[in-house]
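Worksheet for the structure shown next.
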Amino acid sequence: MAVSCRLSSVILSNNPSGSSHARFFSVRLILVIICRRAFAEVELGLNKLLNLNLLGLNSNHLTDGGISSWIGNQTSLKTIELASNHIKQSNVLKGSIPPLNNLTSGRVLFLSDNNLSGHFPFALLANLSELQHIDLSNNPMLELGMVDLSQINLNGTIPPWMVYNRTIDGLSVRGNSLGGTFPQPSSIKSTSSIVWLDMSENQFYGNLPVNIGLLLPQLWYLNLSRNNFEGTIPWLIGNISALEVLDLFNNGFLRELPNEFLENTTSLQYLSLSRNRLHGNILPEKYNIHSLKHLLLHNNRFTGEISPGLYNSTSLIVLDIRNNFITGTIPSWFLTLSSLASLLLAQNNFYCYIPLRVLPNAKLAHARSFHE
-6 MAVSCRLSSV ILSNNPSGSS HARFFSVRLI LVIICRRAFA EVELGLNKLL
44 NLNLLGLNSN HLTDGGISSW IGNQTSLKTI ELASNHIKQS NVLKGSIPPL
94 NNLTSGRVLF LSDNNLSGHF PFALLANLSE LQHIDLSNNP MLELGMVDLS
144 QINLNGTIPP WMVYNRTIDG LSVRGNSLGG TFPQPSSIKS TSSIVWLDMS
194 ENQFYGNLPV NIGLLLPQLW YLNLSRNNFE GTIPWLIGNI SALEVLDLFN
244 NGFLRELPNE FLENTTSLQY LSLSRNRLHG NILPEKYNIH SLKHLLLHNN
294 RFTGEISPGL YNSTSLIVLD IRNNFITGTI PSWFLTLSSL ASLLLAQNNF
344 YCYIPLRVLP NAKLAHARSF HE
């Protein structure tokens, strides 16, 4: 006999598996929670539930069981909890499956602690404009590759697993409203294989991890510009030997640059520390980077004379040290930097100037292609 009451939810947590559940699904359910049972397949008639708001199937033994054939058609579903199962192969995350185009009301998607594999197709989430929480953690075979979540109105914090894992090569969350401190790993032994990290144009704050160079040893691109980071720039950034781009523009970093800063970053090509509160010498004494092409240090509180280490930056194209308190003479060896095209020295305390005619490649008045 079918159930004809106005039932709106079913909670079958912590019960043995059985077949009596099937008759429930002729009603207009909006909530289904079936956790910690022994289901291996979902033969529940879920395809009949067109008004479902929450589906909780955590901690079962699901391997798919037809979930992927109907879940993409749920227009009212806001929360999907499939954590701690054994979902793999053909599922809502890979294969020739229906896209999630109809899940426009989705807010929470929990898929942690499964055996998901292959590349995660973030295009499936394109229409989830109300998505607030997604958890894909502890899926060791899942290959995320490059994750670009730029400018999609995200808020909250970055979960550490998105930075400290072995499958994500690059992560961009640029231009959102994310906050909190820099993500820290859950274990002191955790490191990351990520090579590209862009957290710019958000609301992150606090100090960077002192061991950031050990946590992210393979980085070649790090952009933390336009945030509220503060404190000392960690000297262990200098241990990231593959680093090519370091952009810390417009934060609250202060104090002097440590002598070890950039000591081993022999591949660095772009360095921006502009619009911070850094002081002391313009560059550390051990500075010696032949590959550097763009050095942007304007709007700080640097003092002293220009570091002679710049003499070795023979590839330098742009040097911007405006609006500091640098003293001394303008070094004559600037004339030997044949690649130098933009030299910006205004608002300092120099007492000797280089005639513009001796720098034929330089464009001193119109270099506006970089952070202002």
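Each residue of the sequence shown is one higher than the one before, starting from -6 at the first, in our numbering.
Each residue gets a CB set at the ideal place from its N, CA and C atoms; glycine is no exception.
- Query: Just checking my contact of Gln196 with Gly168 at CB under 8 Å: how many whole Å lie between their CB atoms?
  - Reply: Going by Cβ atoms, the distance from Gln196 to Gly168 rounds to 11 Å, so no, they are not a contact pair.
- Task: Could you tell me the distance, in whole angstroms, from the CA atom of Arg21 to the CA atom of Ile127?
- Result: Low per-residue confidence applies at Arg21: pLDDT is 42, beneath 50, and the placement is therefore not dependable, though the value from the model is reported in the following sentence. Near 27 Å, if we compare the C-alpha coordinates of Ile127 and Arg21.
- Given a threshold of 16 other Cβ atoms within 10 Å of its Cβ, counted over all protein chains shown, does Gly173 qualify as buried or as exposed? The residue is exposed, with fewer than 16 neighbouring Cβ atoms inside 10 Å.
- For Arg315 and Asn341, the rounded distance between their alpha carbons: 7 Å
- What is the residue span of the alpha helix (DSSP H) that Ile205 lies within? Looking at the DSSP string, the run of the alpha helix (DSSP H) that includes Ile205 is 205 to 208.
- Query: With Leu261 and Leu285 assumed to form a contact (beta carbons below 8 Å), what rounded beta-carbon distance in angstroms separates them?
  - Reply: 6 Å
- Query: What residue from Phe343, Thr184, Tyr280, Leu312 has the CA that sits closest to Gly297's CA?
  - Reply: Phe343
- What do you reckon, are the CB atoms on Leu293 and Asn274 nearer than 8 Å? It is Asn, not Leu, that sits at residue 293 in the sequence shown. No, they are not a contact pair.
- Task: Within its chain, find whatever has a CB closer than 6 Å to the CB of Thr225; leave out the 5 residues flanking it on each side and keep chain order.
- Result: Arg248
- Item | Residues of its chain near Gly149, where Cβ-Cβ distance is below 7 Å and the 5 sequence neighbours each way are ignored | Leu171
- Query: Quick one: complete alpha helix (DSSP H) runs, 4+ long, within the region 182 to 249?
  - Reply: When DSSP assignments are scanned along the region 182 to 249, the uninterrupted stretches of alpha helix (DSSP H) that are 4 or more residues long and fall wholly within it turn out to be 205 to 208.
- Message: Need the endpoints of the beta strand (DSSP E) that Ile161 sits in, please.
- Response: 161 to 165
- DSSP state of Ser303 mapped onto helix, strand, coil: Reading the sequence as shown, one finds Leu at residue 303 and not Ser. When DSSP states are grouped into helix, strand and coil, Leu303 belongs to the helix group.
- Query: What residues in its chain sit with their C-beta under 6 Å from that of Asp240, if we drop five residues either side in the sequence?
  - Reply: Asn216, Ser218, Ser265
- Message: For His287 and Ile319, which I take to be in contact (beta-carbon distance under 8 Å), what is that distance rounded to the nearest angstrom?
- Response: Actually they are not in contact, since the Cβ atoms of His287 and Ile319 sit about 18 Å apart, beyond 8 Å.
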